[in-house]
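Engineer:
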DNA sequence: CTGGGACCTCAACCGGGCTTGAGGTCAAGC
DNA sequence: GCTTGACCTCAAGCCCGGTTGAGGTCCCAG
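Chains as they are written, first to last, in this note's numbering: chain A, 1 to 127; chain B, 128 to 254.
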């Protein structure tokens, strides 16, 4: 079991297609060494980075923000526990605010739909 | 006060830019008559249609779906009260399900962040 | 009748998060 | 040595909801 993995292995083990991995790399979220033949080789910690990226993505965090926080790690480093805790705290807040926003919209909508108005002067939905 | 309005008036009164109004028209969400000089003239009911579109948009409903429901009205018709009630019922459900989904993600995330795992076998976030 | 603001069309571009394809190279097994 | 599959780059395309710009026309007030 080599200490480095190819892009195919990374794709298989993370469930993320090659194309997306190359894209992440182009965005600076992950990094690779190149072999003499110009092929990518990843350290195994990259698996964790990819997991971190997918988890964030799943929460609706834009890649650019994920990049910002991953930039705080060494380029070949996996997220540590402390790192994960800080990020998750921040994302939890992000999720909460998205939920709040939707709930506020829903409540306003409920009042508005009740009145059936849909007019320009008076319908709270059309702010 | 003319029974018809220009695109500039529609833009001013609805708060939606010309470009977006032309785009809505290209998508079949609103309709216009053309003058001899090829300029658009809208019936006033179009203001309501635009309000309807913006309200839906605000709720996160894709334009294509808004188009589907607006297609049930005559091309120059404003949404009626009954129409609005049916649509709002449907959108309310849409909003509820989005909120549910986010809450489920949040709960799962909260459990996962608590364990700090971020591993591939066992982390619920990486399904 | 003229000036200028409102209007027209069509095409290109934006961001986000990739995918797809063309055309070429690398590496491992037989 | 040859085949085959995994890999490479770069460019273009997709979806969504528009915006921006170029180049041209309409129409109304003075």
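Where a beta carbon is used, it is the ideal one built from N, C-alpha and C, also for glycine. Just so you know, these numbers come straight off a predicted model, no measurement behind them.
Would residue 175/B and residue 130/B qualify as a contact pair, given that the criterion is a beta-carbon distance under 8 Å?
Structural biologist: No, they are not a contact pair.
Engineer: Is there at least one Cβ from chain B nearer than 8 Å to residue 111/A's Cβ?
Structural biologist: Taking Cβ atoms only, chain B never reaches closer than 8 Å to residue 111/A, which makes this a no.
Engineer: Mapping the DSSP letters down to three states, classify residue 171/B as helix, strand or coil.
Structural biologist: Looking at residue 171/B - three-state DSSP - the assignment turns out to be coil, as it is neither helix nor strand.
Engineer: According to the neighbour-count rule (16 or more other Cβ atoms, all chains shown, within 10 Å of its Cβ), is residue 40/A buried or exposed?
Structural biologist: With 16 or more Cβ atoms within 10 Å of its Cβ, residue 40/A is classed as buried.
Engineer: At 9 Å on the CB atoms, spell out the chain A contacts of residue 199/B, in chain order.
Structural biologist: What residue 199/B touches in chain A: nothing, since even the nearest Cβ is about 16 Å away.
Engineer: Label residue 35/A either buried or exposed according to how many other C-beta atoms from any shown protein chain fall within 10 Å of its C-beta, with 16 as the threshold for buried.
Structural biologist: Exposed, by the Cβ-count rule.
Engineer: I think residue 210/B touches residue 222/B, with their Cβ atoms under 8 Å apart; what is that distance to the nearest whole Å?
Structural biologist: Contact doesn't hold; Cβ gap of about 18 Å is too wide.
Engineer: Could you tell me the boundaries of the alpha helix (DSSP H) in which residue 198/B lies?
Structural biologist: It is not in any alpha helix (DSSP H) - residue 198/B carries neither H nor E in the DSSP assignment.
Engineer: Where do the ends of the alpha helix (DSSP H) carrying residue 186/B lie?
Structural biologist: Where residue 186/B is concerned, there is no enclosing alpha helix (DSSP H), given that its DSSP letter is neither H nor E.
Engineer: Looking at residue 110/A and residue 219/B, is the spacing between their C-beta atoms short of 8 Å?
Structural biologist: Yes, the pair counts as a contact, with Cβ atoms nearer than the cut-off.
Engineer: Look at residue 203/B and residue 158/B and say whether their C-beta atoms are less than 8 Å apart.
Structural biologist: In this structure, residue 158/B lies closer than 8 Å to residue 203/B by Cβ.
Engineer: According to the Cβ coordinates, are residue 216/B and residue 105/A closer than 8 Å?
Structural biologist: The answer is no: Cβ separation not under 8 Å.
Engineer: Kindly list the residues whose CB is nearer than 8 Å to the CB of residue 187/B, restricted to its own chain and excluding five residues on each side of it in sequence; keep chain order.
Structural biologist: Hits under 8 Å: 221, 222 and 225.
Engineer: Would you decide whether residue 56/A is buried or exposed? Buried here means 16 or more other CB atoms lie within 10 Å of its CB.
Structural biologist: Answer is buried; the Cβ neighbour count reaches 16.
Engineer: Looking at residue 151/B: is its Cβ nearer than 8 Å to the Cβ of residue 180/B?
Structural biologist: Taking 8 Å as the Cβ cut-off, residue 151/B and residue 180/B qualify as a contacting pair.
Engineer: Quick check: what's the CA-CA separation for residue 112/A versus residue 234/B?
Structural biologist: Cα to Cα, residue 112/A sits roughly 30 Å from residue 234/B.
Engineer: Does the beta-carbon of residue 198/B have 16 or more other beta-carbons within 10 angstroms, so that it is buried, or is it exposed?
Structural biologist: Under this definition residue 198/B is an exposed residue.
Engineer: Using a Cβ-Cβ cut-off of less than 9 Å, list which residues of the region 36-58 of chain A approach chain B; keep chain order.
Structural biologist: Result list: 47, 48, 51, 52, 54, 55 and 58.
Engineer: What in chain B is Cβ-close to residue 106/A, meaning under 8 Å?
Structural biologist: 219, 222, 223 and 226, listed in chain order.
Engineer: Under the assumption that residue 102/A contacts residue 229/B (Cβ atoms under 8 Å), give the Cβ distance between them as a whole number of angstroms.
Structural biologist: About 7 Å separates the two Cβ atoms, so the contact holds.
Engineer: Going by CA-CA distance only, name the one from 38/A, 37/A and 66/A that's closest to residue 51/A.
Structural biologist: The candidate whose alpha carbon is nearest that of residue 51/A is 66/A.
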